[in-house]
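Structure record follows, encoded as structure tokens.
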Amino acid sequence: MFLAVTLSVSALAGCSTDECLDNKNALPLAGFYSSEEPLQAVSLSGLTITGVGSVGDSVVNDRGSISSTYLPFKIDSDTTAFIIDYLGSRLESIADADTLTFAYDRVPWFESAACGAMYDFRIREIATTLHAIDSVTCPAGIITNAEGENIRIYFTVIPEYD
Amino acid sequence: MTDMRITCNRLISLLLLICSVAGTAAQTINPVENDDEKPRQPTLHFYDKHGEPLEEPVLFLADLDTVTKAKSGPVYPLLNSVSIGVNFFDAVMKLAGQNHQSYDIWADISLHNWFFPVIEAGIGFADNRPDDTNFRYKGKASFYAKLGMNYNFLYKSNPDYQIFLGFRAAYAGFKYDVTDITVDVPYWDQTARFDILDQKGHAFYGEVLGGIKVKLYKALSMGWTVRYHFKWNVKQPSNSNVWFIPGYGTTGGLNATFSLVYTIPLSKKEVKEEPALPDVLPERTVGPGADRPSQQSATASDEKTSADVEPAADEEPAARPDTGQPANDLPTGD
Numbered sequence: 001m002f003l004a005v006t007l008s009v010s011a012l013a014g015c016s017t018d019e020c021l022d023n024k025n026a027l028p029l030a031g032f033y034s035s036e037e038p039l040q041a042v043s044l045s046g047l048t049i050t051g052v053g054s055v056g057d058s059v060v061n062d063r064g065s066i067s068s069t070y071l072p073f074k075i076d077s078d079t080t081a082f083i084i085d086y087l088g089s090r091l092e093s094i095a096d097a098d099t100l101t102f103a104y105d106r107v108p109w110f111e112s113a114a115c116g117a118m119y120d121f122r123i124r125e126i127a128t129t130l131h132a133i134d135s136v137t138c139p140a141g142i143i144t145n146a147e148g149e150n151i152r153i154y155f156t157v158i159p160e161y162d
Numbered sequence: 001m002t003d004m005r006i007t008c009n010r011l012i013s014l015l016l017l018i019c020s021v022a023g024t025a026a027q028t029i030n031p032v033e034n035d036d037e038k039p040r041q042p043t044l045h046f047y048d049k050h051g052e053p054l055e056e057p058v059l060f061l062a063d064l065d066t067v068t069k070a071k072s073g074p075v076y077p078l079l080n081s082v083s084i085g086v087n088f089f090d091a092v093m094k095l096a097g098q099n100h101q102s103y104d105i106w107a108d109i110s111l112h113n114w115f116f117p118v119i120e121a122g123i124g125f126a127d128n129r130p131d132d133t134n135f136r137y138k139g140k141a142s143f144y145a146k147l148g149m150n151y152n153f154l155y156k157s158n159p160d161y162q163i164f165l166g167f168r169a170a171y172a173g174f175k176y177d178v179t180d181i182t183v184d185v186p187y188w189d190q191t192a193r194f195d196i197l198d199q200k201g202h203a204f205y206g207e208v209l210g211g212i213k214v215k216l217y218k219a220l221s222m223g224w225t226v227r228y229h230f231k232w233n234v235k236q237p238s239n240s241n242v243w244f245i246p247g248y249g250t251t252g253g254l255n256a257t258f259s260l261v262y263t264i265p266l267s268k269k270e271v272k273e274e275p276a277l278p279d280v281l282p283e284r285t286v287g288p289g290a291d292r293p294s295q296q297s298a299t300a301s302d303e304k305t306s307a308d309v310e311p312a313a314d315e316e317p318a319a320r321p322d323t324g325q326p327a328n329d330l331p332t333g334d
């Protein structure tokens, strides 16, 4: 009987909490903010964000209002660039398209048996044109699979909320 | 008047003569029996084993302390035995699909069959390729050791059977590779394949456990434990989080062991047993009043039996002298 109890205990222990609660890859997630104090999140509508050199669709081609977007990095290169086009938005007549360029180190990382293995991106440099963008930051300096925003894009022109 | 005086004097003289004759008769020494062949008769007791006077003399003194207090101390000798065991629980779990194993040998020493200092040493390894994942975790054989103590609740019982609680403090080193990693980025239509090699680290952790041990045959026994473990300090490698720690396992707080045990006795069992009551009572009393005159004891050869004997009105027991010994030498069972 004690052996049965022991096996039951071990079975329960083995079945417990082996689930990935974060992402299974490092996902750069950029939030939109106004460059003016105090810090304020903003929403933009009509944006088109496209990866430079991508062969597929745009990252973002949404006529709706968005306050954040994923910016997937390349894994065969140490730099990735994106074009933010304001055509179709209120900024169309105010600003030309901006180009964001990220330079990073790819760091192999094994997170857990549930989440698996991936590349983390340790940011070396962020370069941007300044048409509608004031600045871009990565507060943590590294992008991991942790759920949540890890890049901030500050716009100089505060768009009107739709 | 003179006649009456003469008569009184004569009466007094006669009385004196009679008293002197009676006193002389009382002083007659009774003959002493010196018959060695005559069997000794039980003696009467006028005092109890603590020296307190009895209301009536008795032939036998009962042991007043009929219920002895249970002993709280150890029953078995200090170095009672040594046990050596082999834990092969993970071999059973491997049949159930577990993809990591830890095997160890352990040894403990029985102190009074009560406390059991124990040391465990073993190796652990892993080879895990979970479904729906993008890697293979290969843990190399790594050493671990544990030190602890068990407390046996059945310390007064047969040492072949134990129910115990215990604790362990453990150290484990680990080395592993994460290989066959595949990462896809659909937006860029890219796939990367790489390995994370030579990951090393170590861990300190603790365990609390409960278990039992039962005898199988002669010196062979079998033991089970269920353990709750917790990490104290883990030095992680540079490019990963360790998944398997030898002796600890993976996630989850519970673990178990299943051991085959061989026990080597170090001494013969010396259980203090209650001495049996003698078949024959001792021949004489010892204690207060033992040196008193014959009034303290009387043989049954006298005309009066022990049941009929009553202390004379003027024969009150004297003050109990402090001899420090019981009134009789009947065994007390101590």
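Protein chains in written order, with this note's numbering: chain A, 1 to 162; chain B, 1 to 334.
Even for Gly, the Cβ is constructed at its ideal location relative to N, Cα and C.
The structure displayed is predicted, hence computed values, not measured ones.
Limits of the unbroken beta strand (DSSP E) element including residue i
i, result
"LEU111(B)", "100-111"
"LYS24(A)", "No beta strand (DSSP E) holds LYS24(A); DSSP gives it neither H nor E."
"ASP48(B)", "It is not in any beta strand (DSSP E) - ASP48(B) carries neither H nor E in the DSSP assignment."
"GLU120(B)", "115-128"
"TYR144(B)", "136-152"
"TYR70(A)", "68-70"
"LYS74(A)", "LYS74(A) -> no beta strand (DSSP E), and no H or E assigned at all."
"LEU260(B)", "254-265"
"TYR228(B)", "220-235"
"GLY46(A)", "Where GLY46(A) is concerned, there is no enclosing beta strand (DSSP E), given that its DSSP letter is neither H nor E."
"LYS175(B)", "162-185"
Proximity below 8 angstroms, CB of residue i to CB of residue j
i, j, result
"PRO246(B)", "TYR144(B)", "yes"
"THR250(B)", "PHE244(B)", "yes"
"CYS138(A)", "ILE123(A)", "yes"
"ILE181(B)", "ILE163(B)", "no"
"ASN23(A)", "GLU125(A)", "no"
"VAL242(B)", "GLY206(B)", "no"
"SER65(A)", "LEU87(A)", "no"
"PHE155(A)", "SER34(A)", "yes"
"SER85(B)", "VAL234(B)", "Rather than Ser, the amino acid found at residue 85(B) in this sequence is Gly. No, Cβ-Cβ distance for GLY85(B) and VAL234(B) is not below 8 angstroms."
"ASP104(B)", "GLN98(B)", "no"
"GLY210(B)", "LEU165(B)", "yes"
"THR225(B)", "SER83(B)", "no"
"ALA117(A)", "PHE135(B)", "yes"
"ARG78(B)", "HIS112(B)", "What sits at residue 78(B) in the sequence shown is Leu, not Arg. Contact flag set, yes."
"ALA172(B)", "ALA203(B)", "yes"
"ILE133(A)", "ALA192(B)", "no"
"SER81(B)", "LEU266(B)", "yes"
Option in the options with minimal Cα separation from residue i
i, options, result
"ILE83(A)", "SER135(A), THR101(A), SER67(A), PHE73(A)", "THR101(A)"
"TRP109(A)", "LEU216(B), VAL226(B), GLN199(B), THR250(B)", "GLN199(B)"
"THR50(A)", "GLU19(A), THR69(A), LEU44(A)", "THR69(A)"
"VAL208(B)", "ALA121(B), TYR151(B), PRO77(B)", "TYR151(B)"
"SER240(B)", "PHE174(B), TYR248(B), SER267(B), MET93(B)", "PHE174(B)"
"SER142(B)", "GLY166(B), HIS100(B), ILE119(B)", "HIS100(B)"
"GLU92(A)", "LEU39(A), ALA41(A), THR48(A)", "THR48(A)"
"ASP189(B)", "THR79(A), PHE73(A), ILE143(A), THR144(A)", "PHE73(A)"
"LEU27(A)", "LEU71(A), GLY46(A), ASP105(A), GLU36(A)", "LEU71(A)"
"SER54(A)", "TYR248(B), GLY51(B), VAL185(B), TYR161(B)", "VAL185(B)"
"ALA219(B)", "ASP132(B), ASP160(B), ALA126(B), GLY51(B)", "ASP160(B)"
"VAL58(B)", "TYR47(B), GLU52(B), TRP232(B)", "TYR47(B)"
"ASP96(A)", "THR128(A), PHE121(A), ASN145(A)", "THR128(A)"
The ligand FAD heavy atom lying under 7 angstroms from the CB of residue i
i, result
"GLN162(B)", "Summarising the ligand content, the structure contains no ligands, and the ligand FAD is consequently not present."
First and last residue of the uninterrupted alpha helix (DSSP H) at residue i
i, result
"ASP96(A)", "Counting along the chain, ASP96(A) falls outside any alpha helix (DSSP H), and DSSP gives it neither H nor E."
"ASP195(B)", "It is not in any alpha helix (DSSP H) - ASP195(B) instead sits in the beta strand (DSSP E) that spans 190-217."
"VAL92(B)", "89-95"
Min CB distance residue i to chain D below 8 angstroms
i, result
"THR251(B)", "In the structure shown, chain D does not exist; the protein chains are A and B."
At a CB distance below 7 angstroms, what residues from the segment 226-241 of chain B approach chain A? Give them in sequence order. VAL226, ASN239, SER240, ASN241
By the 8 angstroms beta-carbon criterion, what residues does the segment 131-147 of chain B contribute toward chain A? THR133, ASN134, PHE135, TYR137
Beta carbons nearer than 9 angstroms to chain A: which residues of the segment 107-127 of chain B have them? none
Which residues, in order along the segment 112-144 of chain A, keep a beta-carbon less than 7 angstroms from a beta-carbon of chain B? SER112, ALA113, GLY116, ALA117, MET118, TYR119
Compile a chain-ordered list of the residues in the segment 192-208 of chain B whose CB is closer than 9 angstroms to at least one CB of chain A. ALA192, PHE194, ASP195, ILE196, GLN199
Using a beta-carbon distance cut-off of less than 7 angstroms, what residues from the segment 172-185 of chain B approach chain A? VAL178, ILE181, VAL183, VAL185
Residues in the segment 75-96 of chain A having any Cβ partner in chain B nearer than 8 angstroms: ILE75, ASP76
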